[in-house]
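Numbering (the working numbering), first residue to last: -19 to 630.
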């Protein structure tokens, strides 16, 4: 695109004279223009010249321009006219003298919650009007939220974004990143858009107006778009009561996002509960006198404005007007008759008073002498030198660098920096390349090191949530398993505490620092104590002392004396949650068995039957091949397992 100043003085469509530049973007240049037909100021958006040959774009541009021109709402910038010229298509817009929201943000202005609520509500009302008529903006950003002289919001650029998107023209490198800053997740995924895409973008704009940054923005457009797919709006203390409203408007799921009308209603309801917002510090309008349209292109004018020096009286001291580098025109050819008559009268008066010439000469000499003295005092004859670059240097290095040009250097208040080491120069004024007289002073600001960021409260979230909260404040999170601990009050996986530089629950850390986070492993388990050999009462007391409950049961044992604890369930040494009930098995002594009746059995048969009961054959009294007629102990008698039974046979 040609230099923006090259277009000054052009007349578009036979009626719009470009007066001065207002701004330049990736796809267009914006000018303050004079509508010579209606004698009013308008804004002209002159699009890229390359678009003039893009038939796809032109077709969409005509349709979108007609639709945008039909919008009539107090919060939408009016489109008065549109056209196409050799230099590219253009739009004729309502001139709004208050500048844009981008102007405010670039001046370092941060809106209050009340101001941001009002701005977003007005913009949402304008969007709702357009959406109801089937027009989606697609490029809501601070540069497209303009203010009138009284600070009311107007949404600008309806239709241009869609026309550009469907044309073949490609924005310059880096422009896509700017557009992606406010794009909705569905735009990133290439899905069909409706008005809720504009609502998402407006929520990000409101977030930025309060916090000073746009969430989810990475180094590349693709990274930025990918970062917001499925991601919810991060929390920030500056949002205050706007947090839930903006969080819903910036929902990654379009189905859970309100339309523009609902969004506006919620903002207005919130605004009614807030203090009256202070007036926004918007820019004042450009005030220019309307020049006659015939001035454009006349000899002796530059871009339609006479080049005569300001403060001179036409026809008296200035007798030439410059038309070009090689042409000089006589003012008499263009001055009014009244000027000529006045000059003639003054000439006659001078001829009547010849004695005044000497006096005039003396006055002139005195003025010249006084001017020379002033010039000497002001250093007019002092040589100038270009200012060298000293950023990134230490103060000593900078002083050595400027010494040859006889400059001096003074350090102002220190500033934090994420790119310049502490003690090195961050900024200089004047900047490198500027012309400065010998003996002048260069003011520099030294780096105090990395900016100190606030660590927000991380309670109630897990490692992922803590990571996102810290990222908002340009910090990192580390959640090692070794740092995890037990907690009786914090659920498993949530943050117990955090630390930086060995300070527990630290409140501040340098930009980019890593905060160590301890996550909860839940309630600490209890270990079942060794109660074997105790009585039940002793075992119960020991378990209760460790926060466990006890219940008694009996079990026979060949190794543990009766009345003593033999074992527990869960087993001794096991880890269990606090309050677990442990079954304590008290020994009833060795196991017992009833002697079976083996009368009539052979010795071999009796031996097998007794073995089934854990008994053995003792002595056999009688024939070995006889039949048992009695036993000792007798059948039916309870005995300890392993007892030997004597057999009596016949």
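Note that the Cβ used here is the ideal one computed from N, Cα and C, for glycine as well.
Quick test of your reading: residue i and residue j, contact by CB under 8 Å. State the CB separation rounded to the nearest angstrom.
{"i": "residue 687", "j": "residue 610", "result": "Since the first residue of the chain shown is -19 and the last is 630, residue 687 is not available in this structure."}
{"i": "residue 370", "j": "residue 418", "result": "Contact doesn't hold; Cβ gap of about 17 Å is too wide."}
{"i": "residue 650", "j": "residue 387", "result": "A question about residue 650 goes unanswered here, because the residues of the chain that appear run from -19 up to 630."}
{"i": "residue 83", "j": "residue 72", "result": "With 8 Å as the limit, residue 83 and residue 72 do not qualify as a contact, their Cβ atoms being about 22 Å apart."}
{"i": "residue 135", "j": "residue 57", "result": "7 Å"}
{"i": "residue 634", "j": "residue 503", "result": "Given a span of -19 to 630 for the chain in the structure shown, any question on residue 634 remains unanswerable."}
{"i": "residue 511", "j": "residue 545", "result": "5 Å"}
{"i": "residue 85", "j": "residue 126", "result": "Going by Cβ atoms, the distance from residue 85 to residue 126 rounds to 13 Å, so no, they are not a contact pair."}
{"i": "residue 570", "j": "residue 620", "result": "5 Å"}
{"i": "residue 235", "j": "residue 213", "result": "16 Å between Cβ atoms; not a contact."}
{"i": "residue 244", "j": "residue 104", "result": "4 Å"}
{"i": "residue 597", "j": "residue 629", "result": "Wrong, their Cβ atoms sit about 11 Å apart, outside the cutoff."}
{"i": "residue 247", "j": "residue 175", "result": "Their Cβ separation, rounded to whole angstroms, is 15 Å, which puts residue 247 and residue 175 out of contact at 8 Å."}
Looking only at C-alpha atoms, which of the options sits nearest to residue i?
{"i": "residue 1", "options": "-7, 11, 383, -5", "result": "11"}
{"i": "residue 40", "options": "450, 226, 115, 397", "result": "115"}
{"i": "residue 166", "options": "118, 612, 130", "result": "118"}
{"i": "residue 462", "options": "499, 479, 434, 491", "result": "499"}
{"i": "residue 18", "options": "8, 28, -3, 33", "result": "-3"}
{"i": "residue 226", "options": "186, 554, 106", "result": "186"}
{"i": "residue 190", "options": "202, 126, 100", "result": "100"}
{"i": "residue 644", "options": "126, 570, 244, 507", "result": "Given that the chain is displayed from residue -19 to residue 630, the structure contains no residue 644 and the question cannot be resolved."}
{"i": "residue 568", "options": "522, 515, 235, 454", "result": "515"}
{"i": "residue 473", "options": "465, 479, 480", "result": "465"}
{"i": "residue 537", "options": "-6, 215, 513, 122", "result": "513"}
{"i": "residue 44", "options": "560, 69, 606", "result": "69"}
{"i": "residue 260", "options": "231, 471, 132", "result": "132"}
{"i": "residue 413", "options": "470, 427, 21, 364", "result": "364"}
{"i": "residue 410", "options": "390, 397, 395, 428", "result": "390"}
{"i": "residue 426", "options": "200, 438, 432, 376", "result": "376"}
{"i": "residue 454", "options": "489, 542, 55", "result": "489"}
{"i": "residue 505", "options": "525, 542, 560, 479", "result": "560"}
{"i": "residue 26", "options": "20, 13, 35", "result": "13"}
{"i": "residue -6", "options": "449, 173, 65, 37", "result": "65"}
{"i": "residue 605", "options": "587, 613, 424", "result": "587"}
Please report the straight-line C-alpha distance between residue i and residue j, rounded to a whole angstrom.
{"i": "residue 372", "j": "residue 238", "result": "49 Å"}
{"i": "residue 530", "j": "residue 572", "result": "27 Å"}
{"i": "residue 615", "j": "residue 626", "result": "11 Å"}
{"i": "residue 618", "j": "residue 540", "result": "20 Å"}
{"i": "residue 493", "j": "residue 401", "result": "15 Å"}
{"i": "residue 633", "j": "residue 210", "result": "In the structure as shown, the chain starts at -19 and stops at 630, and residue 633 therefore has no counterpart that could be examined."}
{"i": "residue 262", "j": "residue 184", "result": "21 Å"}
{"i": "residue 404", "j": "residue 483", "result": "29 Å"}
{"i": "residue 477", "j": "residue 485", "result": "6 Å"}
{"i": "residue 309", "j": "residue -10", "result": "With a pLDDT of 31 at residue 309, under the threshold of 50, the predicted position of this residue should be treated as unreliable, though the coordinate-derived value follows. Rounded to whole angstroms, residue 309 to residue -10 spans 22 Å at the Cα level."}
{"i": "residue 203", "j": "residue 197", "result": "8 Å"}
{"i": "residue 636", "j": "residue 9", "result": "Residue 636 cannot be examined here, being either before or after the span of the chain that is shown, -19 to 630."}
{"i": "residue 272", "j": "residue 24", "result": "With a pLDDT of 40 at residue 272, under the threshold of 50, the predicted position of this residue should be treated as unreliable, and no value is reported."}
{"i": "residue 97", "j": "residue 3", "result": "27 Å"}
{"i": "residue 368", "j": "residue 161", "result": "35 Å"}
{"i": "residue 496", "j": "residue 459", "result": "6 Å"}
{"i": "residue 509", "j": "residue 224", "result": "51 Å"}
{"i": "residue 79", "j": "residue 128", "result": "8 Å"}
{"i": "residue 177", "j": "residue 467", "result": "43 Å"}
{"i": "residue 469", "j": "residue 558", "result": "13 Å"}
{"i": "residue 220", "j": "residue 228", "result": "14 Å"}
{"i": "residue 138", "j": "residue 206", "result": "26 Å"}
{"i": "residue 521", "j": "residue 547", "result": "16 Å"}
{"i": "residue 380", "j": "residue 428", "result": "21 Å"}
{"i": "residue 479", "j": "residue 208", "result": "29 Å"}
{"i": "residue 334", "j": "residue 383", "result": "For residue 334, the predicted structure reports a pLDDT of 49, less than 50, and the residue's modelled location is therefore unreliable. The matter cannot be settled from this model."}
{"i": "residue 130", "j": "residue 457", "result": "45 Å"}
{"i": "residue 435", "j": "residue 74", "result": "45 Å"}
{"i": "residue 193", "j": "residue 524", "result": "57 Å"}
{"i": "residue 54", "j": "residue 398", "result": "43 Å"}
{"i": "residue 487", "j": "residue 215", "result": "17 Å"}
{"i": "residue 251", "j": "residue 218", "result": "16 Å"}
{"i": "residue 278", "j": "residue 15", "result": "Because the pLDDT of residue 278 is 30, which lies under 50, any placement of that residue in the model is unreliable, and the number read from its coordinates should be weighed accordingly. Residue 278 and residue 15: Cα-Cα distance of roughly 19 Å."}
Cβ pair count under 8 Å reaching 3, the segment 38 to 49 against the segment 84 to 96: no
Inspect the CB distances between the segment 548 to 565 and the segment 585 to 598 and report whether three or more fall short of 8 Å. no
I want to know whether the segment 102 to 114 touches the segment 230 to 244 - three or more CB-CB distances under 8 Å. yes
Any alpha helix (DSSP H) of 4 or more consecutive residues that is wholly inside the segment 24 to 110: 35 to 49, 81 to 86
Whole alpha helix (DSSP H) runs in the segment 490 to 530 with 4 or more residues, listed along the chain? 516 to 525
What are the start and end residues of each continuous beta strand (DSSP E) run of 3 or more residues lying completely inside the segment 548 to 607, in chain order? 561 to 567, 572 to 574, 596 to 601
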